[in-house]
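S.K.: Input: one structure, supplied below.
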Amino acid sequence: MLYPYIYINGNILPKEQALIPVYDLGLLRGLGIFDYFRVLDGIPVFAEDHIDRLENSMQMMDFNTGLSREDWKDLFYKMIKANEVDRAGFRVVVTGGFSDDGYTIPEQKNIYLMLHSLPVSDPAQYENGVRLLTINYQRDTPTAKTTVYIESMKAQPHLKKSGAFEVLYHFNGVISECSRCNIFFITPEGVIVTPAKGMLKGVTRKQVIAIAAEHNMPLEERDGHLEELPWMAGAFLTATTKGVLPVVKIDDQLIGDGSVHPLAKKLQTAYLERVDQYLAKAR
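So for the sequence shown, the numbering used here puts the first residue at 9; every next one is plus one.
As structure tokens, then:
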């Protein structure tokens with residue numbers, strides 16, 4: 009469900025009135041970036057980290073909105089107040105702007121903010137783990153959170169038919185990321201491994217890496233390869249809406265013995281505690 013008020017270029021409007029011209033470059037050319045975070049207890053969770061990522065994505069695309077970090081945070085709270093929500097998903101979209109010829113990029117960018125209902129996670133996914141399907145694909149600008157999701161959208165029917173949760177991208181066997189998540193593996197020795205490049209570095213990924221350091225859990229950021237999957241002892245995803253979600257199967261390959269690795273459970277518990285600490289400090 010989309011909440012009733014949407015922000016467009018300085019105005020908060022009822023969603024029925026929140027219309028944009030068809031010559032928006034986000035529509036015509038896919039020229040846009042976005043970010044997405046949770047609102048819990050009326051607080052934008054890890055807002056500072058999401059603003060960091062938003063600004064990095066805009067820098068990668070050579071976008072300039074003229075908004076400061078304080079401006080962004082102020083807009084977040086104005087939208088939360090306007091929609092009277094305690095719990096929601098918050099989406100920020102910045103597009104290349106309105107272009108009369110459908111190609112020339114104007115200086116003025118378009119900014120859209122909207123809130124969605126936040127789905128409740130399925131406890132069975134954390135108890136039993138999920139399955140991924142691999143796709144040989146590398147995003148054009150992997151370090152920016154762009155609005156281009158064509159490959160993952162194409163995969164939706166196959167995911168639904170197979171019962172898989174997500175796609176896992178690799179390029180010629182080198183693993184990078186999922187379409188909406190980061191990927192971590194656990195070696196038989198208990199070392200946590202996650203790709204270092206060629207992907208979007210998520211906010212939840214950042215938090216988990218920090219948790220691992222605080223708990224003296226060995227972690228390596230390096231290339232991972234499909235050929236390593238048979239000897240990995242565990243795996244998990246990190247994502248804004250999922251936290252730490254165990255992975256037990258990739259294509260037809262069981263990860264470890266096919267059960268949820270204890271370390272994934274431990275990290276999920278620690279991550280939830282970290283979210284609670286953030287909320288307590290922000291109140």
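Note that CB positions come from ideal geometry on N, CA and C, so glycine has one too.
Of the choices Glu24, Glu185, Glu56, whose alpha-carbon is the least far from that of tyrosine 145?
M.R.: Against the sequence shown, residue 145 aligns to sequence position 137. Closest option to tyrosine 145, Cα to Cα, is Glu185.
S.K.: Check whether the Cβ atoms of arginine 95 and valine 211 lie closer than 8 Å to each other.
M.R.: Within the sequence shown, residue 95 is the residue found at index 87, counting from 1. Within the sequence shown, residue 211 is the residue found at index 203, counting from 1. Going by C-beta atoms, arginine 95 is not nearer than 8 Å to valine 211.
S.K.: Under DSSP, the alpha helix (DSSP H) around alanine 90 begins and ends at which residues?
M.R.: Within the sequence shown, numbered from 1, the residue matching residue 90 stands at position 82. Here the alpha helix (DSSP H) through alanine 90 covers 77-91.
S.K.: Under 7 Å Cβ to Cβ from isoleucine 183, same chain only, skipping five residues before and after it: list those, please.
M.R.: Residue 183 sits at position 175 when you count from the first residue of the sequence shown. Excluding sequence neighbours, isoleucine 183 sits near Leu176, Ile191, Pro203, Gly232, His233, Leu234.
S.K.: Work out the CA separation of leucine 10 and lysine 273 for me, nearest whole Å.
M.R.: What you label residue 273 is simply residue 265 of the sequence shown in a count that begins at 1. What you label residue 10 is simply residue 2 of the sequence shown in a count that begins at 1. Rounded to whole angstroms, lysine 273 to leucine 10 spans 32 Å at the Cα level.
S.K.: Would you give the residue range spanned by the beta strand (DSSP E) that alanine 96 belongs to?
M.R.: For the purposes of this step, residue 96 is identified with residue 88 of the sequence shown, where counting begins at 1. Here the beta strand (DSSP E) through alanine 96 covers 96-103.
S.K.: Assign glutamine 116 to one of three DSSP states: helix, strand, or coil.
M.R.: For the purposes of this step, residue 116 is taken as residue 108 along the sequence shown, with counting starting at 1. Coil at glutamine 116, not helix or strand.
S.K.: On the CB-based measure, 16 or more other CB atoms within 10 Å of its CB, does serine 170 come out buried or exposed?
M.R.: Here residue 170 corresponds to residue number 162 of the sequence shown, with the count starting at 1. So serine 170 ends up on the exposed side.
S.K.: Determine the extent of the beta strand (DSSP E) in which leucine 253 is found, giving its start and end residues.
M.R.: Sequence index remark: in the sequence shown, residue 253 carries index 245 (1-based). 251-258 is the extent of the beta strand (DSSP E) around leucine 253.
S.K.: State the CB to CB distance for the pair methionine 122 and isoleucine 14, rounded to an integer number of angstroms; the pair is presumed to be in contact (CB under 8 Å).
M.R.: For the purposes of this step, residue 122 is identified with residue 114 of the sequence shown, where counting begins at 1. For the purposes of this step, residue 14 is identified with residue 6 of the sequence shown, where counting begins at 1. Indeed they touch by this definition, with Cβ atoms about 5 Å apart.
S.K.: Please name the residue in Gly206, Ala172, Leu253, Pro196 whose C-alpha comes closest to that of glycine 181.
M.R.: The count along the sequence shown starts at 1 and reaches residue 181 at position 173. Of Gly206, Ala172, Leu253, Pro196, the residue nearest in Cα terms is Gly206.
S.K.: Would you give the residue range spanned by the beta strand (DSSP E) that asparagine 190 belongs to?
M.R.: Within the sequence shown, the letter at position 182 stands for residue 190. Looking at the DSSP string, the run of the beta strand (DSSP E) that includes asparagine 190 is 190-194.
S.K.: When you compare only the Cα positions, how much space is there between phenylalanine 71 and aspartate 265?
M.R.: For the purposes of this step, residue 71 is taken as the residue at position 63 of the sequence shown. For the purposes of this step, residue 265 is taken as the residue at position 257 of the sequence shown. Rounded to whole angstroms, phenylalanine 71 to aspartate 265 spans 47 Å at the Cα level.
S.K.: Does DSSP put glutamine 146 in a helix, a strand or coil?
M.R.: By 1-based counting over the sequence shown, the position of residue 146 is 138. Glutamine 146 falls in the coil class under three-state DSSP.
S.K.: Might you give, ordered along the chain, the residues of its own chain that have their beta carbon closer than 6 Å to the beta carbon of alanine 278, omitting 5 neighbours on each side?
M.R.: As a working mapping, residue 278 is identified with position 270 in the sequence shown. Cβ neighbours of alanine 278 within its own chain (closer than 6 Å, five residues either side excluded): Ile219.
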